[in-house]
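Trainee: One structure, as structure tokens, below. Some questions next.
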Amino acid sequence: MNFLEERIIKDGKVKPNNVLKVDSFLNHQMDISLMEEIGREFRRRFSDKQITKVLTIEASGIGIACFVAKEFGVPMVFAKKSHSINIDSEVYIAQVESFTHKNINNIVVSKQFITAEDRVLIIDDFLANGCALQGLIGITKSAGATVEGIGIVIEKGFQIGGQIIRNLGIQLESLAIVDAMDAETGTVTFREQ
Ligand code: G4P
């Protein structure tokens, strides 16, 4: 079991409807030593790539992506969720459907901050259905930049997102892949990696 899987077992809480609560260390209160370790681990896993930008989406991805960007010594850019229908021509835009929240957001990134020369590492906290990631991949491609890889902290292996992204041929590294959860017993089953 790796450091993240151990932490999920120790402090994660399994809720009904296959929701894993990790807000005591990952996406509400954040354990900064753990964030540093996550940053170092993604640096190690993508050490053969010449990354120039780390890209994520607000809100929960931001804190994690900061630590990854620091390890690579590059800027971190986050896509903003926009409710505005007046999107200007200075931004790249993608539509992201949230199955959890049952809504659709536009996500936008200023054209200033991702350019054709960029080699992008996409980072997020959760991968479920993969809609957020597909939006971030779309924005990177609109800029003419290259997706060098995707780093996810927790992948829900029983949802479709991981398979969709792997089928695109992109290097996807998930620190923990949860294959099953049981709210009654509180057990979490990880995929052997
Ligand atoms: P997708 O992007 O992979 O398609 O995922 P989905 O729409 O299903 O998930 C929507 C939101 O719910 C995402 O955050 C995602 O991180 C989060 N989420 C999905 N499954 C879990 C889970 O088991 N536990 C927790 N804690 N979160 C989960 P978001 O709406 O983008 O919100 P935020 O980043 O602003 O917090």
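If you count the sequence shown from 1, position 145 lands on 147 in the numbering used here, and the numbers rise without skipping. Virtual Cβ for every residue (Gly too), placed ideally from N, Cα, C. Note that the structure is a prediction, hence the values are computed from the model and not measured.
Using the DSSP secondary-structure output, state which residues sit across from Glu99 in a beta bridge.
Mentor: Taking the sequence shown and counting its residues from 1, one reaches residue 99 at position 97. Glu99 is bridged to Ile106.
Trainee: Indicate the three-state DSSP secondary structure (helix, strand or coil) for Lys202 in the structure shown.
Mentor: The chain is shown only over 3 to 195; residue 202 falls outside these bounds and no answer can be derived.
Trainee: Verify the contact flag: Ser144, CB atom, against every heavy atom of the ligand G4P, threshold strictly below 7 Å.
Mentor: Counting from 1 along the sequence shown, the entry for residue 144 is found at position 142. No.
Trainee: Tell me the DSSP bridge mates of Lys158?
Mentor: Counting from one through the sequence shown, the residue named residue 158 turns up at place 156. DSSP lists Val180 as partners of Lys158.
Trainee: From Glu38 to Phe69, what does the alpha carbon distance come to, in whole angstroms?
Mentor: Start at 1 with the first residue of the sequence shown, and residue 38 comes out as number 36. Start at 1 with the first residue of the sequence shown, and residue 69 comes out as number 67. Rounded to whole angstroms, Glu38 to Phe69 spans 6 Å at the Cα level.
Trainee: So Ser84 and Val110 are in contact, right, with Cβ under 8 Å, and what is the actual spacing, rounded?
Mentor: Along the sequence shown, read from residue 1 onward, the residue named residue 84 stands at position 82. Along the sequence shown, read from residue 1 onward, the residue named residue 110 stands at position 108. About 5 Å separates the two Cβ atoms, so the contact holds.
Trainee: Hey, would you say Thr102 sits closer than 8 Å to Arg121, going by beta carbons?
Mentor: As a first step, residue 102 is located in the sequence shown; it is residue number 100 there, counting from the start. As a first step, residue 121 is located in the sequence shown; it is residue number 119 there, counting from the start. No, the Cβ-Cβ distance between Thr102 and Arg121 is not below 8 Å.
Trainee: Starting from Arg121 and walking both ways along the beta strand (DSSP E), at which residues does that stretch end?
Mentor: Residue 121 sits at position 119 when you count from the first residue of the sequence shown. Element bounds for Arg121: Arg121 to Leu129.
Trainee: Looking at the unbroken beta strand (DSSP E) that takes in Val190, where does it start and where does it end?
Mentor: For the purposes of this step, residue 190 is taken as the residue at position 188 of the sequence shown. Here the beta strand (DSSP E) through Val190 covers Thr189 to Phe192.
Trainee: Quick one: does the C-beta of Ile116 sit closer than 7 Å to a heavy atom of the ligand G4P?
Mentor: Here the question's residue 116 lines up with position 114 in the sequence shown. Ile116 Cβ: outside cutoff for every heavy atom of the ligand G4P.
Trainee: Can you look up Lys143 in the DSSP assignment and give me helix, strand or coil?
Mentor: Here residue 143 refers to the residue found at position 141 of the sequence shown. Looking at Lys143 - three-state DSSP - the assignment turns out to be helix.
Trainee: So what's Thr172 in DSSP terms, helix, strand or just coil?
Mentor: Within the sequence shown, the letter at position 170 stands for residue 172. Contrary to the premise, residue 172 reads as Ile rather than Thr in this sequence. Note: Ile172 maps to coil in three-state DSSP.
Trainee: Who pairs with Met78 in a beta bridge, going by DSSP?
Mentor: The residue given as residue 78 occupies position 76 in the sequence shown. Beta bridge pairing from DSSP links Met78 with Val56.
Trainee: Would Val190 and Leu28 be called neighbours here (beta carbons separated by less than 8 Å)?
Mentor: Residue numbering aside, residue 190 sits at position 188 when the sequence shown is read from its first letter. Residue numbering aside, residue 28 sits at position 26 when the sequence shown is read from its first letter. Contact: no.
Trainee: Where Glu175 and Ser86 are concerned, what is the direct C-alpha to C-alpha distance, given to the nearest angstrom?
Mentor: For the purposes of this step, residue 175 is identified with residue 173 of the sequence shown, where counting begins at 1. For the purposes of this step, residue 86 is identified with residue 84 of the sequence shown, where counting begins at 1. Approximately 33 Å between the Cα atoms of the pair.
Trainee: Per DSSP, what are the beta-bridge partners of Gly151 in this structure?
Mentor: As a working note, residue 151 is residue 149 in the sequence shown. Bridge partners of Gly151: Leu123.
Trainee: Mark Asn107 as exposed unless 16 or more other C-beta atoms lie within 10 angstroms of its C-beta, in which case mark it buried.
Mentor: Against the sequence shown, residue 107 aligns to sequence position 105. Burial call: buried.
Trainee: According to DSSP, is Leu22 helix, strand or coil?
Mentor: Residue 22 sits at position 20 when you count from the first residue of the sequence shown. Reduced to three states, the DSSP call for Leu22 is strand.
Trainee: Rounded to whole angstroms, what is the Cα-Cα separation between Gly151 and Gly188?
Mentor: The residue you call residue 151 lines up with position 149 of the sequence shown. The residue you call residue 188 lines up with position 186 of the sequence shown. Each residue's alpha carbon lies about 32 Å from the other.
Trainee: Considering Cα atoms alone, identify which of Phe44, Met32 and Thr142 is closest to Ala178.
Mentor: For the purposes of this step, residue 178 is taken as the residue at position 176 of the sequence shown. Minimum Cα distance to Ala178 is reached at Phe44.
Trainee: Given the structure, does Asp127 come close to the ligand G4P, in the sense that its CB is under 7 Å from one of the ligand's heavy atoms?
Mentor: The residue given as residue 127 occupies position 125 in the sequence shown. For the ligand G4P, at least one heavy atom lies less than 7 Å from the Cβ of Asp127.
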